[in-house]
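Below is one structure, written out as structure tokens; the observations come after it.
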Amino acid sequence: MSGIDELRGKAVQQAEVHSKARVASLRVQLRELLKRDFRDIIRNPTVQIIKFCMTVFMGLIMGCVFFQAGADESEIYWLTNRGRFQSYYGGIVITCVAAMMGSAQTTILRYPDQRAIFVREYASNMYSSIPYVLSQTLLEVPMAFIESVIQIIIAYFMLNFQGSWILWVLSNLLINLVSASFAQFLGALANSGAQAMQFMPLILVPQMIFSGLFTPISEIPVWLRWLQYLSFLKYTGSLAYFNEFGFDMTLLNEANDIHADLVGLYIGVLLAMLIILRILATVILKRKAR
1 MSGIDELRGK
11 AVQQAEVHSK
21 ARVASLRVQL
31 RELLKRDFRD
41 IIRNPTVQII
51 KFCMTVFMGL
61 IMGCVFFQAG
71 ADESEIYWLT
81 NRGRFQSYYG
91 GIVITCVAAM
101 MGSAQTTILR
111 YPDQRAIFVR
121 EYASNMYSSI
131 PYVLSQTLLE
141 VPMAFIESVI
151 QIIIAYFMLN
161 FQGSWILWVL
171 SNLLINLVSA
181 SFAQFLGALA
191 NSGAQAMQFM
201 PLILVPQMIF
211 SGLFTPISEI
221 PVWLRWLQYL
231 SFLKYTGSLA
241 YFNEFGFDMT
251 LLNEANDIHA
261 DLVGLYIGVL
271 LAMLIILRIL
281 ATVILKRKAR
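Just so we're aligned, residue 1 is where the sequence shown starts under the working numbering, counting upward by one.
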């Protein structure tokens, strides 16, 4: 019996040591995953180059369509020139849409393939899900920032935006990351790129409907209005709206169902969406890897 007890004690000690090593190795896992993913970008830059070129191309197209739509005018001017305002506001929302779609489409297409690699390596106990998702996020941020800078440089001058340039970059960076998180969540649910593409309308259509671009929220049936609170395009569009028009045009704000006192809430909800969607994607990855 004493020999059995001794063996049990050694097994418990080994399990504790293994557990501690596993916790301590999360930093190492994250470092190695970052190195690998960064090497992949350097070795195969074609995807990023094409993505940046498409950002420039689409920015020029939008700039031509909404050329010089912005202007520094009074509230009375915008209330009495609804056509001009709609063109200006349309340019604001479409700029946000471009940031949203640029990251979502790339992410949702490649994520099922990346998930297959993750499932194989996770099953081999090479790393855990947390450092994997963190490494993906840490590499996405600088790429999304560069994309946002390129897009806003074009849009800001061609559309004649009046707000803060850096706030434009930050708001587009935020919607870029949130939409990529949503695409990761949907991509984790899909088993292939073809299946993932079927989810694309979920990213675009509801966001456009509840952004207020095509119809005021007050005109949407009451039993559907609650969906506006799930629209990250609505929150980002509202932030961009205040960046352009300021907080003093109360009548214009009311006419467009946008509330100046909720700006902090808009930012908080976007950050919460970013975190929650990443967590959900992580949970789905772990379940599918079992």
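Just so it is clear, CB atoms sit at the ideal spot from N, CA and C, and this is done for glycine as well.
Inset, instruction - Excluding the 5 residues preceding and the 5 following residue 148 in the sequence, name in chain order all residues of the same chain whose CB lies nearer than 7 Å to its CB. - result: To locate residue 148, count along the sequence shown from 1; it is residue 148. Closer than 7 Å at Cβ, skipping near neighbours: 99, 169, 172, 173 and 176.
Inset, instruction - Whole angstroms is fine: what's the gap from residue 283's alpha carbon to residue 214's? - result: Residue 283 sits at position 283 when you count from the first residue of the sequence shown. Residue 214 sits at position 214 when you count from the first residue of the sequence shown. Per the coordinates, the alpha-carbon of residue 283 lies some 36 Å from the alpha-carbon of residue 214.
Legend entry - Rounded Cβ spacing between residue 159 and residue 63 (contact assumed at less than 8 Å): Position 159 of the sequence shown holds residue 159. Position 63 of the sequence shown holds residue 63. Yes, residue 159 and residue 63 are in contact; Cβ-Cβ is about 6 Å, under 8 Å.
Legend entry - Proximity winner among 254, 207 and 241, relative to residue 233 (alpha-carbon distances): The sequence position of residue 233 within the sequence shown is 233, counting from 1. Relative to the Cα of residue 233, the nearest Cα in the group 254, 207 and 241 belongs to 207.
Legend entry - Cβ-based neighbour list, residue 191, same chain, cut-off 7 Å, excluding 5 preceding and 5 following: In the sequence shown, the residue the question calls residue 191 occupies position 191. Cβ neighbours of residue 191 beyond the five flanking positions: 112.
Legend entry - Beta-carbon proximity of residue 103 to residue 179, cut-off 8 Å: Numbered from its first residue, the sequence shown carries residue 103 at position 103. Numbered from its first residue, the sequence shown carries residue 179 at position 179. It is a contact, given that the beta carbons lie within the stated cut-off.
Legend entry - Status (buried if at least 16 other CB within 10 Å, exposed otherwise) for residue 83: On the sequence shown, residue 83 is found 83 positions in, with the first residue counted as 1. By the beta-carbon neighbour count (other beta carbons within 10 angstroms, threshold 16), residue 83 is exposed.
Inset, instruction - Please list, in chain order, all residues of the same chain as residue 274 whose beta carbon is under 6 Å from its beta carbon, the five residues on each side excluded. - result: The residue labelled residue 274 in the question sits at position 274 within the sequence shown. In its chain, beyond the 5 residues on either side, 177, 178 and 181 have a beta carbon closer than 6 Å to the beta carbon of residue 274.
Inset, instruction - Kindly list the residues whose CB is nearer than 6 Å to the CB of residue 139, restricted to its own chain and excluding five residues on each side of it in sequence; keep chain order. - result: Taking the first residue of the sequence shown as position 1, residue 139 is located at position 139. Excluding positions up to five away in sequence, the list reads 37.
Legend entry - Rounded straight-line distance, which links the Cα of residue 262 to that of residue 74: Within the sequence shown, the letter at position 74 stands for residue 74. Within the sequence shown, the letter at position 262 stands for residue 262. Answer to the nearest angstrom: the Cα atoms are 23 Å apart.
Legend entry - Minimum C-alpha distance to residue 42 - residue among 193, 216, 244 and 143: Translated into the one-based positions of the sequence shown, residue 42 becomes position 42. Nearest option by C-alpha distance: 143.
Legend entry - Coarse secondary structure for residue 248, derived from DSSP in three states: In the sequence shown, counting from the first residue as 1, residue 248 sits at position 248. Three-state DSSP puts residue 248 in coil, outside helix and strand.
Inset, instruction - May I have the straight-line CA-CA distance separating residue 125 from residue 137, to the nearest angstrom? - result: Taking the first residue of the sequence shown as position 1, residue 125 is located at position 125. Taking the first residue of the sequence shown as position 1, residue 137 is located at position 137. When the Cα atoms are used, residue 125 and residue 137 turn out to be separated by approximately 21 Å.
Legend entry - Among 61, 278, 254 and 33, the one whose alpha carbon lies nearest that of residue 135: Taking the first residue of the sequence shown as 1, we reach residue 135 at position 135. Answer by Cα proximity: 33.
Legend entry - Under 8 Å between C-beta atoms of residue 199 and residue 108: The sequence position of residue 199 within the sequence shown is 199, counting from 1. The sequence position of residue 108 within the sequence shown is 108, counting from 1. Pairing residue 199 with residue 108 gives a Cβ-Cβ distance under 8 Å.
Legend entry - Reference residue 292; option with closest CA among 165, 237 and 77: One cannot answer for residue 292 here, as it falls past the ends of the chain, which runs 1 to 290.
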